[in-house]
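Q:
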Amino acid sequence: FQQSYNNGYRLLIDELKKSTKENVKAYQAKIDGLKMLDNPQMFKNFLAQGKSVSEVLGFSEEAIDKFYEAAHHLIAQKRWKEAKDAFFFLVTVAPQVSECWLGLGLAYGQCKETEGAIQSY
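Each residue of the sequence shown is one higher than the one before, starting from 651 at the first, in my numbering.
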């Protein structure tokens with residue numbers, strides 16, 4: 651889990667650096683949010699308030715949209731394993747975005763990981 655999550659996040663940041671002239675700092679996780687992940691009880695309490703992982707890490711809807719565009723770019727380039735990690739990150743931080751689940755399912759399928767594709771779809 652941690653490896654796929656970290657790889658996905660790193661890949662998306664790298665893709666954003668290539669594709670945008672904006673400062674990618676706006677798309678980086680907030681330090682306080684990362685610290686909260688180290689405290690399971692605090693993290694659990696935050697989620698119990700109805701907040702999402704993207705809120706914990708300080709990602710705006712705009713950031714999630716930019717991450718999605720970057721992940722979709724990986725699919726367009728048929729970089730399936732990288733797309734799988736990128737979409738894995740996205741479904742972790744924004745599980746409410748159905749397009750992310752579809753992207754993950756497609757990437758799993760192209761990587762010949764049928765069970766992961768079925769679960770994602």
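Every residue, glycine too, gets a C-beta built ideally from N, C-alpha and C.
Between L754 and K734, which are expected to be in contact by the criterion C-beta below 8 Å, what is the C-beta distance as a whole number of angstroms?
A: 7 Å between Cβ atoms; contact.
Q: Do the CB positions of V674 and I663 come within less than 8 Å of each other?
A: For V674 and I663, yes; Cβs fall inside 8 Å.
Q: Starting from Q691, trace the alpha helix (DSSP H) in both directions and tell me its first and last residue.
A: Q691 -> alpha helix (DSSP H) spans 690-698.
Q: Given a cut-off of 8 Å, decide if K716 and Y655 are closer than it, judged by their beta-carbon atoms.
A: In this structure, K716 does not lie closer than 8 Å to Y655 by Cβ.
Q: Run through DSSP, which three-state label would N657 get?
A: DSSP places N657 in helix when its eight states are reduced to three.
Q: Just verifying my parser: in three-state terms, what is the DSSP assignment at F709?
A: F709 falls in the coil class under three-state DSSP.
Q: Which class does Y677 belong to by DSSP, given the choice of helix, strand or coil?
A: Reduced to three states, the DSSP call for Y677 is helix.
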